[in-house]
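Counting in the working numbering, the sequence shown runs from 253 upward without gaps.
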Amino acid sequence: MTLAVGVIGTGMIGQDHIRRLTQVLSGARVVAVTDIDRDRAAAAAPEGAKVFDTPQALVRSDTVEAVVICSWGPAHEEQLLDCIAAGKPVFCEKPLVTSEAAALRVMEAEVAFGHRLVQVGFMRRFDADYRRLKAVIDGGTLGAPLMYHSVHRNASVPEGLYTSDMPLNDTLVHDADISRWLLSDEITGVEVRLPRRSRQGGELRDPHIVLLHMAGGAVVDVEISVNIAYGYDIRGEVSCETGVAALPNRPATVISDMHGIRQAIPADWRERFIEAYDQEFREWIAAAGQGTATGPSTWDGYAATLVADAALRAVSSGNLEVVGMREKPDLYSQQPRLAA
Ligand code: NAD
Ligand code: ISE
253 MTLAVGVIGT GMIGQDHIRR LTQVLSGARV VAVTDIDRDR AAAAAPEGAK VFDTPQALVR
313 SDTVEAVVIC SWGPAHEEQL LDCIAAGKPV FCEKPLVTSE AAALRVMEAE VAFGHRLVQV
373 GFMRRFDADY RRLKAVIDGG TLGAPLMYHS VHRNASVPEG LYTSDMPLND TLVHDADISR
433 WLLSDEITGV EVRLPRRSRQ GGELRDPHIV LLHMAGGAVV DVEISVNIAY GYDIRGEVSC
493 ETGVAALPNR PATVISDMHG IRQAIPADWR ERFIEAYDQE FREWIAAAGQ GTATGPSTWD
553 GYAATLVADA ALRAVSSGNL EVVGMREKPD LYSQQPRLAA
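Structure follows, in structure tokens:
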């Protein structure tokens, strides 16, 4: 039995996920697509897939067993609520939503439904390098983690579509999530500093330095640069009591020739995280096929949204802004039981 998937949003990552669901992975087939740009949806539809006029019609269709949401962040809430109302497992690209109130509405709906349906697209948790880094920290041989330095650089972002709130509510959410996951801790406060503006991004506010204060006392600094031109560069270094564990930009082929020694740099997230996206979808297909979800949850999406909200407040106030999380519903402390 293959899982019949409907895809909402057929832009850059929607098309990439359709490719992996139809050409790379087994266990799923894309039977439906939709996009506010109907022509784009039609062009992206694999053979035999139906093009729906609205996300709601796609979610409600009997032909669709599970949904992948790849529309813009502000559209996610309504589409997630439709999926939960229909009782259908849903993979939602990050950010879960773009406000605390929206995150709470989604969480309340899922808790009322009674078991997990939502997996959020925090693909770094599925990346082999990040998994090795976490294993070293969890192993405890370096002592307690004290600081984490996170570097998040994009070569460029789509002009006009990517606005000045997005370094914090679209890009930083990855670093917020990976910090919580790597350090097994919650973020309690956020500060933001604005360095000299890069001329690469025109009027866009870029870059940012963000400080995340963890409940256990560790501090995370994050560089967000979204127009750095030379490529996609993701790094992390955890300073512990007796050692340091580092994740360099993805090691690639090293070329030695008459010009010297050089290494290719990934062009963008598609190239850097290609195996991580494949693995996150392998795990999603397995859980969605059993009517549920594993991996990053609505709770994790909520946590990252609170950090983004606090970071946006910190830009205006210049102060340390507090992140106040609700009590965690039991649903998000249990691991869904999946058949092998
Ligand atoms: P994009 O602009 O290329 O594509 C988004 C598509 O969604 C567009 O075709 C747009 O017409 C459609 N859309 C928007 N609102 C819609 C709605 N209400 N109903 C139906 N269709 C709608 O953007 P993208 O880069 O593909 O990003 C899409 C989502 O994926 C964003 O949330 C983004 O943050 C996330 N993303 C995640 C990663 C990752 O590394 N995990 C990478 C890129 C993008
Ligand atoms: C994009 O939406 C992603 O999620 C990428 O992983 C991230 O690096 C980029 O900044 C976002 O715009």
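Heads up, the beta-carbon is just placed ideally off N, CA and C, and yes, glycines get one too. These numbers come from a predicted model, not from an experiment.
- The beta carbons of residue 557 and residue 349 sit closer together than 8 Å.
- DSSP, read as helix, strand or coil, puts residue 387 in helix.
- Residue 346 is a Cβ neighbour of residue 426, given a cutoff of 8 Å.
- In the DSSP annotation of this structure, residue 489 is not part of any alpha helix (DSSP H); the continuous beta strand (DSSP E) holding it starts and ends at 485-492.
- In this chain, the alpha helix (DSSP H) harbouring residue 533 covers 526-540.
- By DSSP's assignment, residue 508 forms a beta bridge with 513.
- Beta-bridge partners assigned by DSSP to residue 441: 465 and 574.
- Put simply, the stretch 509-517 does not touch the stretch 425-439. Fewer than three CB pairs are less than 8 Å apart.
- Taking 8 Å as the cut-off, the Cβ atoms of residue 575 and residue 440 count as close.
- Counting only residues of its own chain and dropping the five nearest sequence neighbours on each side, residue 390 has a CB closer than 8 Å to the CB of 436.
- With a cutoff of 8 Å on beta-carbon distance, residue 294 and residue 283 are scored as not near each other.
- Listed as beta-bridge partners of residue 405 by DSSP are 477 and 485.
- DSSP places residue 290 in the uninterrupted alpha helix (DSSP H) bounded by 290-296.
- For residue 264, the secondary structure class from DSSP, reduced to helix, strand or coil, is helix.
- Note on geometry: alpha-carbon atoms of residue 422 and residue 326 lie some 10 Å from one another.
- Our two residues, residue 416 and residue 306, have alpha carbons roughly 29 Å apart in a direct line.
- For residue 365, the enclosing alpha helix (DSSP H) starts and ends at 352-365.
- Taking each of 366, 279, 431 and 353 in turn and checking the Cα distance to residue 317, the smallest one comes out for 279.
- Around the beta carbon of residue 477, a 10 Å sphere encloses 16 or more other beta carbons of the protein chains shown; the residue is thus reported as buried.
- The Cβ-Cβ distance between residue 296 and residue 285 falls below 8 Å.
- Separation of the CB atoms of residue 378 and residue 535 is rounded to 7 Å, and the pair is thereby assigned contact status at 8 Å.
- Remark: fewer than three beta-carbon pairs, one from each stretch, lie closer than 8 Å, so the stretch 407-414 and the stretch 542-550 are not flagged as touching.
- Put simply, the backbone Cα of residue 254 is about 27 Å away from that of residue 586.
- Taking each of 361, 300 and 314 in turn and checking the Cα distance to residue 330, the smallest one comes out for 361.
- In this structure, DSSP gives residue 281 an extended state, which the three-state scheme calls strand.
- The three-state secondary structure of residue 322, taken from DSSP, is coil.
- Looking at the DSSP output, residue 302 sits in a beta bridge with 284.
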